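Numbers 1 to 446, taken from full-length UniProt numbering, label the letters of the sequence shown in order. Ideal Cβ placement from N, Cα and C applies to all residues, glycine included. Note that the structure is predicted; figures quoted are calculated from it, not measured. Note sheet for the following structure.
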Amino acid sequence: MPKLQGFEFWSRTLGGARHVVAPMVDQSELAWRLLSRRHGAQLCYTPMLHAQVFVRDANYRKENLYCEVCPEDRPLIVQFCANDPEVFVQAALLAQDYCDAIDLNLGCPQMIAKRGHYGAFLQEEWDLLQRMILLAHEKLSVPVTCKIRVFPEIDKTVKYAQMLEKAGCQLLTVHGRTKEQKGPLSGTASWEHIKAVRKAVAIPVFANGNIQCLRDVERCIQDTGVQGVMSAEGNLHNPALFEGRSPAVWELAEEYLDIVRQHPCPLSYVRAHLFKLWHHTLQVHQELREELAKVKTLEGVTAVNQELKLRCQEDISRQKEGEKPSGGLPFFHWICQPYFRPGPREGSKENGGARSKRALEEEEGGTDVLSKNKQKKQLRNPHKTFDPSLKPKYAKCDQCGNPKGNRCVFNLCRGCCKKRAFREAADCPGHGLLFKTKLEKSLAWK
Numbered sequence: 001m002p003k004l005q006g007f008e009f010w011s012r013t014l015g016g017a018r019h020v021v022a023p024m025v026d027q028s029e030l031a032w033r034l035l036s037r038r039h040g041a042q043l044c045y046t047p048m049l050h051a052q053v054f055v056r057d058a059n060y061r062k063e064n065l066y067c068e069v070c071p072e073d074r075p076l077i078v079q080f081c082a083n084d085p086e087v088f089v090q091a092a093l094l095a096q097d098y099c100d101a102i103d104l105n106l107g108c109p110q111m112i113a114k115r116g117h118y119g120a121f122l123q124e125e126w127d128l129l130q131r132m133i134l135l136a137h138e139k140l141s142v143p144v145t146c147k148i149r150v151f152p153e154i155d156k157t158v159k160y161a162q163m164l165e166k167a168g169c170q171l172l173t174v175h176g177r178t179k180e181q182k183g184p185l186s187g188t189a190s191w192e193h194i195k196a197v198r199k200a201v202a203i204p205v206f207a208n209g210n211i212q213c214l215r216d217v218e219r220c221i222q223d224t225g226v227q228g229v230m231s232a233e234g235n236l237h238n239p240a241l242f243e244g245r246s247p248a249v250w251e252l253a254e255e256y257l258d259i260v261r262q263h264p265c266p267l268s269y270v271r272a273h274l275f276k277l278w279h280h281t282l283q284v285h286q287e288l289r290e291e292l293a294k295v296k297t298l299e300g301v302t303a304v305n306q307e308l309k310l311r312c313q314e315d316i317s318r319q320k321e322g323e324k325p326s327g328g329l330p331f332f333h334w335i336c337q338p339y340f341r342p343g344p345r346e347g348s349k350e351n352g353g354a355r356s357k358r359a360l361e362e363e364e365g366g367t368d369v370l371s372k373n374k375q376k377k378q379l380r381n382p383h384k385t386f387d388p389s390l391k392p393k394y395a396k397c398d399q400c401g402n403p404k405g406n407r408c409v410f411n412l413c414r415g416c417c418k419k420r421a422f423r424e425a426a427d428c429p430g431h432g433l434l435f436k437t438k439l440e441k442s443l444a445w446k
């Protein structure tokens, strides 16, 4: 069967999907995708996978894709980060039988992407991107797509999109923020950029940014003319967003936990999802935040959800007629609803407006105190001390400067010791390295 392209790919393979769940690291795993599909999502992306690791590590492939195959989880697009055409294509070839398209991440703005030289930090390297997309388009049996962030200039963003289209990109997702717009500096996504791209290319375009409810989805499609709308943050706080519903937070938590029992995932993923889903409720019942952070099993998480449900029902029973939600929220805290990131705090006059961590002060008003994180650790372990003078002093390895093994016969760290012991066919009982002993035994056998 010939590979479908552009609008034919979108309409036939993706079923004309309009409601899309974004690729989210450690958050768009199979269980969450299935929950989202039950509530109106028509297309999902995997979390971003590292192409080089995917090629090199069979366990990584198994844990992140091969073991997450499910007939209900289609259509599905697998997203990779990469900066080498050959590596990107090798990874895509290993994944193409498990999905409907391969997406290249050109939108990640985080520091880890800068250090790894991928995501939005490739957006100035057009020659490299052309080669990556072109080679993937030629070699793969499924279409290649891209997710990008915009430049400050609309004209440059349009040319960028046209370059990717010309190279072989069959569907483009445009996040209407620049790579500098992240965290507290996220601001508002520019639908004007997205609209300009949609008019300038002849392939389907998905919009990403400013999507918190179904009304936003409809307005975005009307204002920009895009084929579909992708949600990340909005979906995490309300997986029923695409249905236009706002259920009780414990109901969706119960449903998600039932899916996790059928399709297990790391408990850290579950915990992170519930922190998002329960965000507003945990502002009211803060002790449940600590409980959720401490639990070690899925049964423990289920118990916390049951306790949260009981407390919310008590709040509902105490609700007075005509009472309005507090804190400027559109709904009461037990209802799934958007979360709007606060803007950056204005710096004090003393530091010239620069952002800095606020010192935590004790009741006496002193400033020579522990950080908030260290205070939490001390609450859990009152005997713990953070006095630098009491920290153990470690002798350094003679070669690399890392702490040496206390019982190493060469006064080296384990890595350096292993190299030397192997090179000299020597033993180091302190590190459990017995090259000399093993050599003597093998010679005795001969």
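With a Cβ-Cβ cutoff of 8 Å, do F386 and K374 count as a contact? Yes; because the gap between Cβ atoms is below 8 Å, this pair is in contact.
Using alpha carbons as the reference points, say which of E29, Q212, C312 lies closest to V260. The shortest Cα separation from V260 among E29, Q212, C312 belongs to E29.
Starting from G300, trace the beta strand (DSSP E) both ways and give me its first and last residue. Per DSSP, G300 lies in no beta strand (DSSP E); the unbroken alpha helix (DSSP H) holding it starts and ends at 298 to 317.
Given a cut-off of 8 Å, decide if L171 and I148 are closer than it, judged by their beta-carbon atoms. Against a cut-off of 8 Å, the Cβ pair of L171 and I148 comes out as no contact.
Going by C-alpha distance, which of V78, N105, E165 is nearest V142? Closest by alpha carbon: V78.
Extent of the continuous beta strand (DSSP E) run through N105: 101 to 106 is the extent of the beta strand (DSSP E) around N105.
With DSSP as the reference, identify every bridge partner of P403, one or two as the case may be. DSSP lists K396 as the bridge partner or partners of P403.
Between R289 and F7, what straight-line distance do the alpha-carbon atoms span, to the nearest angstrom? Approximately 46 Å, taken between the alpha carbons.
Short check: CB of L35 to CB of P239, under 8 Å? Contact: yes.
Is it right to say S442 is buried, meaning 16 or more other beta carbons lie within 10 angstroms of its own, or is it exposed? Result: exposed.
Could you tell me the boundaries of the beta strand (DSSP E) in which Q79 lies? For Q79, the enclosing beta strand (DSSP E) starts and ends at 76 to 81.
Tell me the DSSP bridge mates of F206? T173, G228.
By a C-beta neighbour count over all protein chains shown, 10 Å radius and 16 as the cutoff for buried, is Q96 buried or exposed? Buried is the call here.
With a cut-off of 8 Å on the beta carbons, I'd call C169 and T145 a contact; round off their distance for me. Right, their Cβ atoms sit about 6 Å apart.
Going by the beta-carbon positions, is the gap between A196 and G209 smaller than 8 Å? Their beta carbons are not under 8 Å apart, which means A196 does not touch G209 by this criterion.
Buried or exposed: which applies to Q262, given that a residue is buried once 16 or more other Cβ atoms fall within 10 Å of its Cβ? Answer is exposed; the Cβ neighbour count stays below 16.
Give the secondary structure of V260 by DSSP, where H, G and I count as helix, E and B as strand, and everything else as coil. If DSSP states are grouped into helix, strand and coil, V260 belongs with the helices.
Check the C-beta distance from A207 over to L140 and give it rounded, since I have them as a contact under 8 Å. Their Cβ separation, rounded to whole angstroms, is 25 Å, which puts A207 and L140 out of contact at 8 Å.
Going straight from the alpha carbon of L49 to that of H383, what length do you get? C-alpha separation (whole angstroms): 42 Å.
Where do the N-terminal and C-terminal ends of the alpha helix (DSSP H) with Y269 fall, by residue? Its alpha helix (DSSP H) spans residues 267 to 277.
CA-CA distance, C99 and T281? Spanning the two alpha carbons is a distance of roughly 37 Å.
Go ahead and pull the three-state DSSP assignment for L214. Helix.
Let's see if you can read the secondary structure: which residues bound the beta strand (DSSP E) around T145? DSSP places T145 in the uninterrupted beta strand (DSSP E) bounded by 144 to 149.
Does the separation of the CB atoms of I194 and L164 fall below 8 Å? Cβ atoms of I194 and L164: not closer than 8 Å.
How is V20 classed by DSSP in three states: helix, strand or coil? In this structure, V20 counts as strand in the three-state DSSP scheme.
Please classify N105: is it buried, with 16 or more other beta-carbons within 10 angstroms of its beta-carbon, or exposed? Buried, by the Cβ-count rule.
Three-state secondary structure (DSSP) at Y45? DSSP places Y45 in the strand class (E or B) of the three-state scheme.
Run through the DSSP bridge pairs and tell me what I335 is partnered with. Answer by DSSP bridge pairing, in chain order: A248.
Among Q212, Q90, Y160, whose alpha-carbon lies nearest the alpha-carbon of V201? Distances from the CA of V201 to each of Q212, Q90, Y160 were compared; the closest alpha carbon is that of Y160.
Element boundaries [alpha helix (DSSP H), containing F422]: Element bounds for F422: 414 to 424.
Nearest to G16 by alpha carbon, out of G401, V205, R423? Relative to the Cα of G16, the nearest Cα in the group G401, V205, R423 belongs to V205.
If we ignore side chains and look at the alpha-carbon of each, how far apart do residue 450 and K391 end up? What is shown of the chain runs 1 to 446, which leaves residue 450 out entirely.
Cβ shell of A51 (< 6 Å), same chain only, five flanking positions each side left out: Correct list, in chain order: F80, A82, V87, F88, A91.
What does DSSP give as the partner residues of C428 in its beta bridges? According to DSSP, C428 bridges with L433.
Cut-off 7 Å between Cβ atoms - residues of its own chain near V307, not counting five sequence neighbours on either side: For the record, residue 307 in the displayed sequence is Glu; it is not Val. Only L288 meet the Cβ criterion.
Where does F121 land, buried or exposed, given buried means 16+ other C-beta within 10 angstroms? It counts as buried.
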